[in-house]
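Which chain is which? The protein sequence lines are A and B, in order. This note's numbering numbers the first residue of the first sequence as 46 and each following residue consecutively. This note's numbering numbers the first residue of the second sequence as 14 and each following residue consecutively. Backbone N, C-alpha and C fix where the C-beta goes; we use that ideal spot for every residue, glycine too. These notes concern the structure reproduced below.
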Amino acid sequence: MPLWTLLGLRQGKQTAPWPLAEGADGQAAFIGMPRYNSDRCTEECRACADVCPTKAITIRLQAAESGRLDIDYGRCIVCQLCTETCPTGAMTRSSDWAFGARRRQDLVWQSSPFEPSSADRASRRGFRRSLHVRHVDAGSCNGCESELQALNSPFYNLHRLGIFFTASPRFADLLLVTGPVTYAMLTPLRATYEAMPEPRWVMAIGTCAVSGGIAEGGYASGHGLDGVLPVDVYLPGCPPNPAAIIHALLMFLDRLPQRVQGGRLGE
Amino acid sequence: MTAPPHIWVEPEHLRDAARRLRETGGRLQMAYAWYSEPSRLELRYVATEAGQSHFAVWRCAPNGAAPSLAGIWPLTGWYEREITDLFGLVFSEHPEPHRLMLHEGVNPIRPPFDPDYPAQTPLEAELKQQSVPEVAGATADVQLLPFGPVRADVFESGEFLFFYVGESILHYQPRLFFKHRGMEKRFEGLAAEGGIVLAERISGVASVAHVLAYCQAVEAAATCVAPPRARFLRVLLAEMERLYNHLHYLGHLCHTTTLKVGEAQGKLLEERVKQLNARLTGSRFLRNILTVGGLRRDLSPKGWLEAELKTLQEDFSVYARHLENTDSHLDRLITTGILEQRVAFDQGATGPVQRASGFDRDVRRDHPYAAYAELPLTVPVRDAGDAHARAQVRMAEIDASIAVVQHVLSLLPDGPIKADCEVPPGSEGLGFTESPRGTLFYAVHFDQRGRLARVKIKSPSFSNWRVFPFTVHGSNMMDYAINEASFGLTIAGCDR
Ligand code: SF4
Numbered sequence: 046m047p048l049w050t051l052l053g054l055r056q057g058k059q060t061a062p063w064p065l066a067e068g069a070d071g072q073a074a075f076i077g078m079p080r081y082n083s084d085r086c087t088e089e090c091r092a093c094a095d096v097c098p099t100k101a102i103t104i105r106l107q108a109a110e111s112g113r114l115d116i117d118y119g120r121c122i123v124c125q126l127c128t129e130t131c132p133t134g135a136m137t138r139s140s141d142w143a144f145g146a147r148r149r150q151d152l153v154w155q156s157s158p159f160e161p162s163s164a165d166r167a168s169r170r171g172f173r174r175s176l177h178v179r180h181v182d183a184g185s186c187n188g189c190e191s192e193l194q195a196l197n198s199p200f201y202n203l204h205r206l207g208i209f210f211t212a213s214p215r216f217a218d219l220l221l222v223t224g225p226v227t228y229a230m231l232t233p234l235r236a237t238y239e240a241m242p243e244p245r246w247v248m249a250i251g252t253c254a255v256s257g258g259i260a261e262g263g264y265a266s267g268h269g270l271d272g273v274l275p276v277d278v279y280l281p282g283c284p285p286n287p288a289a290i291i292h293a294l295l296m297f298l299d300r301l302p303q304r305v306q307g308g309r310l311g312e
Numbered sequence: 014m015t016a017p018p019h020i021w022v023e024p025e026h027l028r029d030a031a032r033r034l035r036e037t038g039g040r041l042q043m044a045y046a047w048y049s050e051p052s053r054l055e056l057r058y059v060a061t062e063a064g065q066s067h068f069a070v071w072r073c074a075p076n077g078a079a080p081s082l083a084g085i086w087p088l089t090g091w092y093e094r095e096i097t098d099l100f101g102l103v104f105s106e107h108p109e110p111h112r113l114m115l116h117e118g119v120n121p122i123r124p125p126f127d128p129d130y131p132a133q134t135p136l137e138a139e140l141k142q143q144s145v146p147e148v149a150g151a152t153a154d155v156q157l158l159p160f161g162p163v164r165a166d167v168f169e170s171g172e173f174l175f176f177y178v179g180e181s182i183l184h185y186q187p188r189l190f191f192k193h194r195g196m197e198k199r200f201e202g203l204a205a206e207g208g209i210v211l212a213e214r215i216s217g218v219a220s221v222a223h224v225l226a227y228c229q230a231v232e233a234a235a236t237c238v239a240p241p242r243a244r245f246l247r248v249l250l251a252e253m254e255r256l257y258n259h260l261h262y263l264g265h266l267c268h269t270t271t272l273k274v275g276e277a278q279g280k281l282l283e284e285r286v287k288q289l290n291a292r293l294t295g296s297r298f299l300r301n302i303l304t305v306g307g308l309r310r311d312l313s314p315k316g317w318l319e320a321e322l323k324t325l326q327e328d329f330s331v332y333a334r335h336l337e338n339t340d341s342h343l344d345r346l347i348t349t350g351i352l353e354q355r356v357a358f359d360q361g362a363t364g365p366v367q368r369a370s371g372f373d374r375d376v377r378r379d380h381p382y383a384a385y386a387e388l389p390l391t392v393p394v395r396d397a398g399d400a401h402a403r404a405q406v407r408m409a410e411i412d413a414s415i416a417v418v419q420h421v422l423s424l425l426p427d428g429p430i431k432a433d434c435e436v437p438p439g440s441e442g443l444g445f446t447e448s449p450r451g452t453l454f455y456a457v458h459f460d461q462r463g464r465l466a467r468v469k470i471k472s473p474s475f476s477n478w479r480v481f482p483f484t485v486h487g488s489n490m491m492d493y494a495i496n497e498a499s500f501g502l503t504i505a506g507c508d509r
């Protein structure tokens with residue numbers, strides 16, 4: 046179809062330079078995880094904890110030097126209610142989205158300085174070239190799928206990074222799971238994992254898969270992947286944007302460093 | 014918005030009322046149940062009556078089993094099965110008395126919506142295969158192919174059964190609700206504002222349609238109205254949502270007809286709109302803006318969005334022209350998956366699917382909300398009922414949406430963005446929107462403390478999934494993926 050070729054050519058290169066080179070990543074103006082400025086927190090105030098719909102924020106019984114709040118970004122659905130409610134600017138809007146983490150506790154806010162995680166790297170060496178991933182929707186709202194599907198758009202063009210979605214779990218190295226794990230998806234999810242050859246890895250995509258998110262509990266939803274499958278990378282977000290997913294995938298491959306530690310981004 | 018009239022119907026008169034509605038040119042829209050008191054289960058039916066701009070609401074207090082209306086309005090079949098699964102109420106003479114929402118093999122101690130169901134108790138499931146129809150006659154050549162719930166590529170979970178001979182599909186049966194999260198129940202006990210983040214996360218790609226329908230339902234209960242600026246901006250957000258959804262649809266449809274450049278171009282345009290969304294609201298899914306009474310914060314779309322949409326419009330019209338001139342693409346769409354008008358009506362088709370089968374219905378125009386009454390709106394309709402007609406309706410809707418947004422931008426009034434809304438205890442409201450996939454309803458009920466007592470969500474895909482199999486029976490395997498893509502179905506909102 047010559048017409049189409051022409052249309053394609055006329056468009057020029059549409060792919061974002063990032064992450065292969067410095068440049069636009071397409072996430073300008075994106076509002077990400079709320080940032081905690083612990084020094085602005087005032088005694089007796091509990092506005093953010095009361096408004097947080099997923100109990101990502103809790104007030105410490107005893108204020109430690111690391112602040113008054115316990116914030117678990119693995120529970121955050123990025124609803125911004127805390128940033129709108131906070132009277133002092135202790136919880137503020139940010140553009141932070143690169144929240145992929147190897148350890149669940151890296152998503153929990155801590156005052157200690159940023160320190161790169163020393164997760165075992167050697168075991169994943171084999172994937173320097175290409176990675177095959179299989180996706181399982183374990184009860185998402187379809188927001189995460191929408192962003193996963195965006196990865197194959199020419200703008201993000203995941204293939205150029207040597208990462209491919211595969212239809213069969215038998216060819217998959219990495220399982221991407223979305224959703225809180227509903228009662229009805231528990232068995233099919235486990236079966237898909239079992240069908241993968243070893244060694245196999247799992248990434249929890251989106252706050253629902255990390256902790257259950259807004260859907261957690263009740264009669265039909267689970268609490269995310271913990272206790273269901275061993276998780277190698279946690280990526281909260283509601284949903285995580287395509288760049289966050291790419292960052293998490295490259296981080297899994299040791300091609301980009303983990304940026305979140307102690308619940309915030311290091312440099 | 015005036016409160017819809019409520020009509021009490023005795024159980025023994027339900028079928029007469031349903032028949033009368035049919036004879037007078039109306040349509041039953043949905044049915045749901047709720048406990049008006051802990052021991053008092055009430056049924057609600059929402060209906061459109063010919064020539065009326067409000068929805069009629071029927072109330073019925075069943076004593077024992079309720080009469081099934083599925084023989085008169087086939088579309089009620091799923092609503093009734095849902096009520097049976099979640100509330101335990103049985104419908105007499107139901108033509109398909111099987112599980113729907115809860116899978117076979119799940120036997121809860123009591124129905125999950127029973128006031129005595131122990132909160133936070135997860136269902137336990139020893140899942141069984143769904144009951145499948147017997148194939149009569151010479152069955153030796155008939156193959157059964159179960160597919161899913163984990164499908165190829167990045168897809169939502171759902172299981173599909175195909176009975177086929179060679180390439181021909183004899184019978185097709187989807188089994189959904191693997192993604193059932195029990196979301197409606199999660200609203201219960203919350204204050205009105207607490208429902209916002211939930212409504213935004215029922216169906217991610219329809220976040221605006223959901224939260225808007227929810228807000229409008231609460232505003233109907235509180236008899237408050239969002240200020241003009243908020244109402245115009247709500248329209249803007251809803252149409253931006255339609256844009257990225259329809260562009261995604263076209264890209265995915267090209268994927269199924271193996272038109273590679275067409276797929277890439279559709280996805281590229283979709284991505285462009287998602288990035289505009291982020292620039293507009295900070296969220297690619299336009300979340301975190303709407304609230305009860307208006308908006309959470311003001312937006313500044315003027316001065317930049319006009320030009321972006323103008324370029325989008327130009328690029329889209331080149332794209333659409335290409336699509337409509339590519340024989341290999343059109344050959345796969347034309348006459349594929351024909352949905353006859355009568356089936357569309359009986360089974361409850363909605364949105365672009367019903368408009369592609371000759372029904373000129375769109376709640377934005379027929380029951381205007383937000384600022385739609387003040388904006389010119391084109392509602393494209395096609396008659397062919399095939400995959401091509403469904404794609405054409407969506408293509409024409411992209412043009413219509415861009416035109417509406419441009420009007421919003423030129424008419425956008427200044428002023429406050431939020432009105433005070435006080436929800437009276439014991440009140441209720443009905444909200445609805447025309448989501449990218451069709452009509453979406455929220456019915457909300459508040460208890461005596463002013464907390465949410467029941468929220469019922471009727472998503473358009475719940476309706477269209479019910480319709481879709483009728484276009485698959487008797488078709489062939491080769492066309493299945495194209496036909497499914499042409500319906501533009503999602504599962505999250507349907508399953509809830
Ligand atoms: S943005 Fe995150 S931490 Fe803040 S209220 Fe929402 S869910 Fe809680």
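Beta strand (DSSP E) segment containing Glu447 (chain B), residue limits: Here residue 447 (chain B) is taken as the residue at index 434 of the second sequence, counted from 1. Where Glu447 (chain B) is concerned, the enclosing beta strand (DSSP E) stretches over 441–448.
Three or more C-beta pairs below 8 Å linking the stretch 325–332 of chain B and the stretch 235–248 of chain B: Touching, no.
Where Gln288 (chain B) meets chain A, residues with beta-carbon distance less than 7 Å: Translated into positions along the second sequence, residue 288 (chain B) becomes position 275. Correct list: Gly71.
3-residue-minimum beta strand (DSSP E) runs that sit fully inside the stretch 16–99 of chain B, ordered along the chain: 19–21, 40–50, 53–61, 68–73
DSSP three-state assignment for Asp182 (chain A), whether helix, strand or coil: Within the first sequence, numbered from 1, the residue matching residue 182 (chain A) stands at position 137. Of the three classes helix, strand and coil, the one that applies to Asp182 (chain A) here is strand, per DSSP.
Where the alpha helix (DSSP H) containing Gly264 (chain B) begins and where it ends: Looking up residue 264 (chain B) in the second sequence gives position 251. DSSP places Gly264 (chain B) inside the alpha helix (DSSP H), whose first and last residues are 241–269.
Gly307 (chain B), DSSP secondary structure in three states: As a working note, residue 307 (chain B) is residue 294 in the second sequence. In this structure, Gly307 (chain B) counts as strand in the three-state DSSP scheme.
Short CB-CB distance (under 9 Å) between Met196 (chain B) and chain A: One-based indexing of the second sequence puts residue 196 (chain B) at position 183. It does: the Cβ of Met196 (chain B) has a partner Cβ on chain A nearer than 9 Å.
Chain E contact for Leu48 (chain A) (CB, 9 Å cutoff): Checking the listed chains, one finds no chain E in this structure; the protein chains it contains are A and B.
Chain A contact residues for Tyr493 (chain B), given Cβ-Cβ distances below 8 Å: As a working mapping, residue 493 (chain B) is identified with position 480 in the second sequence. None at all; the shortest Cβ gap to chain A is about 16 Å.
Within-9 Å CB hit, Asp508 (chain B) to chain A: Taking the first residue of the second sequence as 1, we reach residue 508 (chain B) at position 495. By this cut-off, Asp508 (chain B) is an interface position.
Among A:Asp117, A:Gly71, A:Tyr81, A:Pro244, nearest to Ser198 (chain A) - alpha-carbon criterion: Here residue 198 (chain A) refers to the residue found at position 153 of the first sequence. Here the closest residue by C-alpha is A:Gly71.
8 Å contact criterion, which Leu453 (chain B) and Phe445 (chain B) should meet: CB distance rounded: Here residue 453 (chain B) refers to the residue found at position 440 when the second sequence is read from its first residue. Here residue 445 (chain B) refers to the residue found at position 432 when the second sequence is read from its first residue. The Cβ separation is near 6 Å, so the contact holds.
Leu443 (chain B) CB to nearest heavy atom of the ligand SF4 below 8 Å: As a position in the second sequence, residue 443 (chain B) is number 430, starting the count at 1. Not under cutoff, so the answer is no.
Heavy atom of the ligand SF4 within 8 Å of Arg120 (chain A) beta-carbon: Residue numbering aside, residue 120 (chain A) sits at position 75 when the first sequence is read from its first letter. Yes, since a heavy atom of the ligand SF4 falls inside the 8 Å radius drawn around the Cβ of Arg120 (chain A).
Helix, strand or coil at Glu139 (chain B) according to DSSP, with G and I counted as helix: Residue numbering aside, residue 139 (chain B) sits at position 126 when the second sequence is read from its first letter. Here Glu139 (chain B) sits in coil by DSSP.
Assumed close pair Cys434 (chain B), Ala235 (chain B) - CB separation to whole angstroms, cut-off 8 Å: In the second sequence, the residue the question calls residue 434 (chain B) occupies position 421. In the second sequence, the residue the question calls residue 235 (chain B) occupies position 222. In this structure Cys434 (chain B) is in contact with Ala235 (chain B), their Cβ atoms being roughly 4 Å apart against a cut-off of 8 Å.
Rounded straight-line distance, which links the Cα of Gln461 (chain B) to that of Ser440 (chain B): As a position in the second sequence, residue 440 (chain B) is number 427, starting the count at 1. As a position in the second sequence, residue 461 (chain B) is number 448, starting the count at 1. Roughly 8 Å between the two C-alpha positions.
Contacts of Thr227 (chain A) in chain B (Cβ-Cβ under 8 Å): Numbered from its first residue, the first sequence carries residue 227 (chain A) at position 182. The answer, in chain order, is Phe191, Lys192, His193, Arg194.
Member of B:Val417, B:Gly350, B:Tyr455 whose CA lies at the smallest distance from the CA of Asn489 (chain B): Your numbering for residue 489 (chain B) matches position 476 in the second sequence. Residue B:Gly350 is the option with its Cα nearest to Asn489 (chain B).
Whole runs of the beta strand (DSSP E) within the stretch 234–264 of chain A, excluding any shorter than 3 residues: 246–250
Identity of the residues DSSP links to Phe483 (chain B) by a beta bridge: Within the second sequence, numbered from 1, the residue matching residue 483 (chain B) stands at position 470. According to DSSP, which records beta bridges pairwise, Phe483 (chain B) is partnered with nothing at all.
Separation of Thr294 (chain B) from Asp359 (chain B), as counted between CA atoms: Here residue 359 (chain B) is taken as the residue at index 346 of the second sequence, counted from 1. Here residue 294 (chain B) is taken as the residue at index 281 of the second sequence, counted from 1. The alpha-carbon atoms of Asp359 (chain B) and Thr294 (chain B) are separated by roughly 40 Å.
Same chain, Cβ closer than 8 Å to Arg123 (chain B), neighbours up to 5 away in sequence not counted: Numbered from its first residue, the second sequence carries residue 123 (chain B) at position 110. Gly101, Asp129, Tyr130, listed in sequence order.
9 Å Cβ cutoff, Ile215 (chain B) in contact with chain A: Against the second sequence, residue 215 (chain B) aligns to sequence position 202. Chain A, which has a Cβ nearer than 9 Å to the Cβ of Ile215 (chain B), makes this yes.
Proximal residues, the stretch 297–310 of chain A versus chain B, C-beta separation under 7 Å: none
Interface partners of Pro135 (chain B) on chain A, CB under 9 Å: By one-based count along the second sequence, residue 135 (chain B) stands at place 122. Ordered by position in chain A, the residues that pass the 9 Å Cβ test against Pro135 (chain B) are Tyr228, Gly262, Gly263, Tyr264, Ala265, Ser266, Gly267.
Selection of the stretch 57–86 of chain A by Cβ proximity to chain B, strictly under 8 Å: Residues passing the 8 Å Cβ filter: Gln59, Gly71, Gln72, Ala73, Ala74, Phe75, Ile76.
Any 3 or more C-beta pairs closer than 8 Å across the stretch 183–192 of chain A and the stretch 277–288 of chain A: Yes: the two stretches touch, three or more of their Cβ pairs being nearer than 8 Å.
Whether Ala212 (chain B) touches Phe126 (chain B) by CB criterion (9 Å): For the purposes of this step, residue 212 (chain B) is taken as the residue at position 199 of the second sequence. For the purposes of this step, residue 126 (chain B) is taken as the residue at position 113 of the second sequence. For Ala212 (chain B) and Phe126 (chain B), no; Cβs fall outside 9 Å.
Delimiting residues of the alpha helix (DSSP H) encompassing Arg334 (chain B): For the purposes of this step, residue 334 (chain B) is taken as the residue at position 321 of the second sequence. Arg334 (chain B) -> alpha helix (DSSP H) spans 318–337.
Sufficient close CB pairs (3 or more, under 8 Å) joining the stretch 192–209 of chain B to the stretch 386–399 of chain B: They do not touch, by the three-pair rule.
Where Ala63 (chain B) falls, given that 16 or more other Cβ within 10 Å makes a residue buried: Translated into positions along the second sequence, residue 63 (chain B) becomes position 50. So Ala63 (chain B) ends up on the exposed side.
Any non-hydrogen atom of the ligand SF4 within 8 Å of Pro124 (chain B) CB: On the second sequence, residue 124 (chain B) is found 111 positions in, with the first residue counted as 1. Checking the Cβ of Pro124 (chain B) against the ligand SF4 gives no.
Bounding residues of the alpha helix (DSSP H) (the contiguous stretch that carries Lys198 (chain B)): Along the second sequence, read from residue 1 onward, the residue named residue 198 (chain B) stands at position 185. Lys198 (chain B) -> alpha helix (DSSP H) spans 196–199.
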